[in-house]
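In UniProt numbering, the protein residues as written are 1 to 247.
C-beta atoms are modelled at their ideal positions from N, C-alpha and C, and glycine is treated no differently.
Keep in mind that this is a model prediction, so the values were computed, not measured.
Below you'll find the structure, written out as structure tokens, and then a few comments.
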Amino acid sequence: MPVIVNGYELSDAEMEKELPEHQGAADPMKSAMTALVLRRVLLDKANELGLTGNDEDKIEALLVREVVVPQPSSEECLRHYQTHPQRFTVGELVEVNHILFQVTAALDLDNLRKHAEIVLQDLLDSPANFTAMAKANSNCPSSEVGGNLGQLTRGDTVPEFEKVIFNAEEHKIVPRLVETRFGLHIVQLGRKLAGQLLPFEQVESKIADAMQRASHDHAMRQYLQLMVGQAKISGIELEGADTPLVQ
């Protein structure tokens, strides 16, 4: 079925040119066609407004004109800084050991969880056995060194693991299984260094830039959704605000 945007039929030649840019997408064909549809919608709007130049210039001028977000105020930046101090703390370290019970398609998750819970309870009763239990049970290469992951900083691990280790008490075993995309973990904390919070004045400009980028991305998604809603499109279903931006 041909894809038609405001009476314009997208061609095979356009698709062949666009497709190589989307090979990393889950569905390269749909991603490429979506980009072509959006480009056509935006180009039609730019032409309607009388913008000049080549197609790329017209689209860029349109977005600069239509998608405008204000620079966040110093007060807004300060609230963000105060709400997320961990993002602006440097030198924060935590020493971590863990035992990984890896989840795979072939395993019975209930039985794996029961086994992990038994090991966890044994270690809560006898923490000194952690190294031996890691070598015997962990599916992580760190098992060879008793589950030791060394000193970790923020950003070194997946978010669900990071959240636990930086909030847990030092020199203790976390009293519950920690679930991540890799499986179930028993986590033992060693020494923790609190780090130093950078002064607000030192990071204010970076906060402002990040907040403006986030606001711009949100405004761009809303604008694209509006443009798609106003256009006459057949042959493809777009996903509203989740539609990828033109590359």
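Judged by DSSP in its simplified three-state form, H98 adopts strand. Taking a 10 Å sphere around the C-beta of E18, we find 16 or more other C-beta atoms and assign the residue as buried. Here G155 is not near I99, since their CB atoms are 7 Å or more apart. With a cutoff of 7 Å on beta-carbon distance, Q86 and G183 are scored as not near each other. The beta carbon of T153 is closer than 7 Å to those of E92, L93 in its chain, skipping five residues each way along the sequence. Exposed is the label assigned to A132, since fewer than 16 other Cβ atoms lie within 10 Å of its Cβ. Using a Cβ-Cβ distance cut-off of 8 Å, the segment 106–115 and the segment 51–71 are not in contact, since fewer than three pairs of beta carbons, one from each stretch, lie closer than that value. DSSP, read as helix, strand or coil, puts L42 in helix. DSSP places T180 in no alpha helix (DSSP H) but in the uninterrupted beta strand (DSSP E) bounded by 178–180. Rounded to the nearest angstrom, the Cβ distance from V67 to M220 is 5 Å, consistent with a contact under 8 Å.
For I186, the enclosing beta strand (DSSP E) starts and ends at 183–193.
If you look at G229, you'll find it in the alpha helix (DSSP H) that goes 200–230. In the three-state reduction of the DSSP assignment, N129 falls in the helix class, which pools H, G and I. Here the alpha carbon of L109 sits roughly 21 Å from the alpha carbon of S143. Taken atom to atom, the span from the alpha-carbon of Q212 to that of V69 is near 7 Å. H80 counts as buried, since no fewer than 16 other beta carbons sit within 10 angstroms of its beta carbon.
Its Cα nearest to that of R176, the residue L123 stands out among I4, L49, L123, G150. P72 sits buried, since 16 or more C-beta atoms from the chains shown fall within 10 Å of its C-beta. If you draw a straight line from the Cα of L43 to the Cα of D27, it comes to about 24 Å. In this structure, the alpha-carbon of E95 lies about 12 Å from that of E162. With fewer than 16 other Cβ atoms inside 10 Å of its own Cβ, A128 counts as exposed. Look at L51 here: in three-state DSSP terms it is coil, with no helix or strand label. A straight-line Cα-Cα distance of about 46 Å links E75 and L120. Where L149 is concerned, the enclosing beta strand (DSSP E) starts and stops at 148–152. According to DSSP, residue pairing for E144 in a beta bridge does not occur.
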